[in-house]
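Okay, so the sequence shown: first residue is 873 according to the working numbering, each after it adds one. Every residue gets a Cβ at the ideal spot worked out from N, C-alpha and C, and that includes glycine. Read through the structure below, which is laid out as structure tokens, and then see the notes.
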Amino acid sequence: MEKTRPPKPAGKKSLPAPNGTSDPAHHGLPLHEVVLLLETDPVRGLAEGEVSRRQAQFGANVLPRSRRGGIARKLARQFNNPLVYVLLAAAAVTLVLGEYLDSVVILAVVLVNTIIGFVQEVRAEAALDALHSLVRTRAVVMRDGQRQEVPSEDLVPGDLVLLEAGDKVPADLRLVRLSGLRADESALTGESEAVAKDEVVLPPTTPVADRRNMVYSGTLVTAGTGTGVVVATGGETELGEIHRLMGSVQTVATPLTRKLAHFSTTLTVAILALAAVAFLAGVARGQQPAEMFTAAVALAVGAIPEGLPAAVTVTLAIGVRRMARRRAVVRRLPVVETLGSTTVICSDKTGTFTENQMTVRALWTPSGSYKVTGSGYGPEGLIIAAGAAQHPGPEGTTAGQDAALSWSLLAGAACNDAKVIREGHNWQAQGDPTEAAMLVAAGKGGVGAEDFLAASPRAGTLPFTSERQYMATLHLPGHQEGSGGEAGIVLVKGAVERVLDLCAVQMDSNGGSRPLAKQEVLDAAHGFAGTGLRVLATAMVRIPPGTRLTSENLRGTMTLTGLQAMFDPPREAAAASVKACHEAGVAVKMITGDHVGTAATIARAVGLASDRADGTALTGTELDAIPAAELPDAVERATVFARVSPEQKLRLIGALQSRGHVAAMTGDGVNDAPALRQANVGIAMGRSGTEVAKEAADIVLTDDDFATIEAAVEEGRNVFDNLTKFIVWTLPTNMGEGLVILVAILLGATLPVLPTQILWINMTTAVALGLMLAFEPKEPGIMSRPPRAPDRPLLTWTLTLRILLVSTLLVAGTWWIFELELAGGASLAEARTAAVNLFVAVELFYLFSCRSLTRSVWRIGLFSNRWVILGVLVQAAGQFAITYTPLMNELFHTAPIGLETWLRIVGIAVLASLVVALDKRFRRHTF
873 MEKTRPPKPA
883 GKKSLPAPNG
893 TSDPAHHGLP
903 LHEVVLLLET
913 DPVRGLAEGE
923 VSRRQAQFGA
933 NVLPRSRRGG
943 IARKLARQFN
953 NPLVYVLLAA
963 AAVTLVLGEY
973 LDSVVILAVV
983 LVNTIIGFVQ
993 EVRAEAALDA
1003 LHSLVRTRAV
1013 VMRDGQRQEV
1023 PSEDLVPGDL
1033 VLLEAGDKVP
1043 ADLRLVRLSG
1053 LRADESALTG
1063 ESEAVAKDEV
1073 VLPPTTPVAD
1083 RRNMVYSGTL
1093 VTAGTGTGVV
1103 VATGGETELG
1113 EIHRLMGSVQ
1123 TVATPLTRKL
1133 AHFSTTLTVA
1143 ILALAAVAFL
1153 AGVARGQQPA
1163 EMFTAAVALA
1173 VGAIPEGLPA
1183 AVTVTLAIGV
1193 RRMARRRAVV
1203 RRLPVVETLG
1213 STTVICSDKT
1223 GTFTENQMTV
1233 RALWTPSGSY
1243 KVTGSGYGPE
1253 GLIIAAGAAQ
1263 HPGPEGTTAG
1273 QDAALSWSLL
1283 AGAACNDAKV
1293 IREGHNWQAQ
1303 GDPTEAAMLV
1313 AAGKGGVGAE
1323 DFLAASPRAG
1333 TLPFTSERQY
1343 MATLHLPGHQ
1353 EGSGGEAGIV
1363 LVKGAVERVL
1373 DLCAVQMDSN
1383 GGSRPLAKQE
1393 VLDAAHGFAG
1403 TGLRVLATAM
1413 VRIPPGTRLT
1423 SENLRGTMTL
1433 TGLQAMFDPP
1443 REAAAASVKA
1453 CHEAGVAVKM
1463 ITGDHVGTAA
1473 TIARAVGLAS
1483 DRADGTALTG
1493 TELDAIPAAE
1503 LPDAVERATV
1513 FARVSPEQKL
1523 RLIGALQSRG
1533 HVAAMTGDGV
1543 NDAPALRQAN
1553 VGIAMGRSGT
1563 EVAKEAADIV
1573 LTDDDFATIE
1583 AAVEEGRNVF
1593 DNLTKFIVWT
1603 LPTNMGEGLV
1613 ILVAILLGAT
1623 LPVLPTQILW
1633 INMTTAVALG
1643 LMLAFEPKEP
1653 GIMSRPPRAP
1663 DRPLLTWTLT
1673 LRILLVSTLL
1683 VAGTWWIFEL
1693 ELAGGASLAE
1703 ARTAAVNLFV
1713 AVELFYLFSC
1723 RSLTRSVWRI
1733 GLFSNRWVIL
1743 GVLVQAAGQF
1753 AITYTPLMNE
1763 LFHTAPIGLE
1773 TWLRIVGIAV
1783 LASLVVALDK
1793 RFRRHTF
């Protein structure tokens, strides 16, 4: 089904398209019609005057930049939070009332969180900018019959572009002429192998990944040469369509931000209602409205958890640091927690489950079968005869032990245009990945292709084409490049059936020949293909001097030497990581642009069910045929999605999210970028990923390993646990402070604590005590429990009851010690100091209980988090300072207290701790 493009912006000049439509399908037209449609010359190209006219009409060949809000608008968006509104109001009121210290503290909290949000938004917008740099390059064109090199921005529809190996394609091109042209389109389509191109006319509905007569902007030419006419530039290219998709995708709010927003709204309403009740109650009792307004503001300031935004930021930042140590770099803080809530991981195949390095895994010759160890483009590995011991020794099987094997490896290495180079500790392929794999296999077998080429350099080539389906090279000894002289050697590699058509005999282990056993060869090839391996055949022949290298001269003359079977191997840790995710209740699905057979093979290897018969593997074409209403159910059932386009990836992610899933999406190509932005967590590959994918993602894996995602999920769950612990710890204090003031207003009594003292309690304990919970290590069994339900509230009913219990204990204890001190003759300042220290002491003891919401502190280890001990010592020093230093006494209206008062304070704190321990024991099964 032909895809539907997003509507073009109003006023945009439409590019030439067939049949008067706005959706180009140049791959479905004969070449002469494309040339007529674009009004160009397939030999001389456009005239310079026409180029200038078209540049004025269509603009530069660059992706359009989307309109974005300015700095002021971005900053303003950071204040869109109910809790921030209350904090700003409280800061304004305290400023008017002359409580300057209160105002400064509150405004500092708001400022820090505004800066963090602003930085995150600016970094997220960099995804679209990365696309612009992707398409900027130089292009070789024919204009007025003259070869020219121009910036890619200057290209226009109708330009004639010349391509050769190593070039980045500067625009969408319909191919006019080509010779062995192959293109790496993995970044755009997800296809792991380089695509062989030809000039055949295709059906209009052919998907992008199968348009062999087109090459697309941003892809790479890996082999051969070609000429193409530009059919689309800038925003009208396939890359431009992805750009529009990215621009239209709205970043999904994380579960944490949604829950904190709901929590903040609820808390704000409760605080304002409580303050209003206090104000009205005081006025009703005959107290002055101005005095009651001040008290109501004090109540609001006390009830607001000023330390919560800072605690969230610090806890997430610690999670970021821990994840970085496990090779996952986080670009947006809230997604650290989101990973812990992830219910499904949608992973690309190439470079995520696999190494993204083609590897020869098996060899077959008429004399025997062999397996090849090692993976990727590194030289480590052996060739082992089938049936041999698993550990044959350091030398393995050398090619010299089987002449057919030696010639097969030589054909793979010498009939080859690729290179394998070392970059740091990694080996990289330059050219076609399949050819690079054959180079590496020859090295493992001890074949000296360099020596052969030095003695018999290449004198002729039949490049691989889609019609020919094989490549042949002629090698003449003594650097001869013509007829005459000694006999030459022709080496061939290609599709099994086509190479068999060239062969009359097959080689034995001694280098002799016997009649070709065609069915035996086909059976071996089908056996490899049935396990998902790509199979190529090799052959050789000695030709008389002066013989030309043509397909006709080769047919029926060659000797089959063997088969080489290869694929992009799965990562070693992928299967174990998939299993761990399943045990943690996280579903794993593969979404790839590759062929369904290849995808299914890798899926089976890593532990994903992918039987086409039961509907767990679907292609993009099959997805398009599923009605929209039935799509979520189909996506839920399937585990492998192959040959899918960027738009279909977006639909898949949306379908999962419509079922309530928190979806993580991994990818490395440009084609993955829109889905990375749409997903709740976008995860890009750091090594093999494009800059576009990295900028669109929330997390970048520095090792490109699926196993790192499992580690990141574990860290994310720990972050959410620690955030919950902080909230459960801090809210009783804020609620208790608010209730203490409310009770004082309702009773018409003196306030046991002042607003300034409340701010001291809130800010110092949040930093010295509460933030230490962010360093809490992971609890046992964190990955054996199911993920948190996306609709589960931040605080469960059990935790809410615990918060109410501790708040009640704080209110009762504060009033008891405040009244007891006054009754014993203490001054008002001394009684308030006792109340302040009681609040802190109860929080201190309660902190140890909150280190685990279900286990006792003795089970998790009293000293397993040394930061807590440090925080307790710092807070104790602060309480000593506010109680006994004259300056602090003056600033916070406190006074020194005696030992007997301290004993009462500690006694109440221990009693409260015991009550909480009993509550935890009886309610641990309802958590």
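In this structure, the alpha-carbon of A1359 lies about 31 Å from that of A1397. Put simply, the stretch 1051-1061 touches the stretch 1326-1344. At least three CB pairs are less than 8 Å apart. If you compare the alpha carbons of A1068, V1186, V1450 with that of V1585, the shortest gap goes to V1450. Secondary-structure assignment with DSSP links G1366 through a beta bridge to Y1342, A1409.
In this structure V915 is exposed. Its beta-carbon is surrounded by fewer than 16 other beta-carbon atoms within 10 angstroms. CA-CA distance, D913 to R926, rounds to 15 Å. In this structure the stretch 1685-1696 does not lie against the stretch 1563-1582, because fewer than three pairs of beta carbons, one per stretch, are closer than 8 Å. Per DSSP, K1650 lies in no alpha helix (DSSP H) and is assigned neither H nor E. In the three-state scheme derived from DSSP, where H, G and I count as helix and E and B as strand, M1230 is classed as coil. Residue range 1032-1036 is occupied by the beta strand (DSSP E) that includes E1036.
Shown here, F1752 sits in a helix according to DSSP, grouped into three states. Setting aside the 5 residues that flank it on each side, A1401 is surrounded in the same chain by V1407, each with a C-beta closer than 7 Å to its C-beta; the list follows chain order. Between I1599 and L1180, the alpha-carbon positions lie close to 7 Å from each other. Nearest neighbour of A1545 by Cα position, chosen from V1572, G1532, S1530, R1531, turns out to be V1572. Contact check for N933 and G1106: beta-carbon distance about 5 Å, within the 8 Å limit, so the pair qualifies. According to the DSSP secondary-structure assignment, K1243 is paired through a beta bridge with A1234, I1256.
The beta-bridge partner set that DSSP reports for F1513 consists of I1463, L1490.
Residue environment for V1072: exposed (fewer than 16 other C-beta atoms within 10 angstroms of its C-beta). Non-local beta-carbon contacts of Q1341 in its own chain, meaning distances under 7 Å to residues more than five positions away in sequence, involve G1366, A1367, R1370 in chain order.
Of the candidates E1227, A1258, G1696, the residue whose Cα lies closest to the Cα of E1772 is G1696. Apart from the 5 residues on each side of it in sequence, P1177 sits with its Cβ closer than 6 Å to the Cβ of T1602, N1606 in its chain, given in chain order.
With fewer than 16 other Cβ atoms inside 10 Å of its own Cβ, R1731 counts as exposed. Each residue's CA atom was taken as its position, placing T1757 and V1787 some 34 Å apart. Taking a contact as a CB-CB distance under 8 Å, the pair G1465 and V1516 counts as one, their CB atoms being some 6 Å apart. When the Cα atoms are used, K1597 and L1667 turn out to be separated by approximately 10 Å.
Counting the other CB atoms within 10 Å of its CB gives I1741 a total below 16, which places it among the exposed residues. Nearest to G1246 by C-alpha distance, out of G1191, G1317, R1294, A1189, is G1317. Nearest in C-alpha terms to Y1088, of all of T1078, T1061, C1722, is T1061.
In its chain, beyond the 5 residues on either side, P1349 have a beta carbon closer than 7 Å to the beta carbon of A1327.
T1215 and P1659 do touch by the CB rule: their CB atoms are close to 5 Å apart, below 8 Å. Residue burial annotation: L1676 is exposed, with fewer than 16 other C-beta atoms found within 10 angstroms of its C-beta. Burial state of V1712 is buried, judged by a 10 Å Cβ sphere holding 16 or more other Cβ atoms. Rounded to whole angstroms, the gap between the alpha carbons of R1010 and L1035 is 11 Å.
About 17 Å separates the beta carbons of G900 and P1029, which is beyond the 8 Å limit, so they are not a contact pair. By the criterion of a C-beta distance shorter than 6 Å, M1230 is surrounded in its chain by P1305, T1306, A1309, M1438, D1440, once the five residues flanking it on both sides are discounted. Residue environment: G1653 is assigned as exposed (fewer than 16 neighbouring CB atoms within 10 Å of its CB, all protein chains considered).
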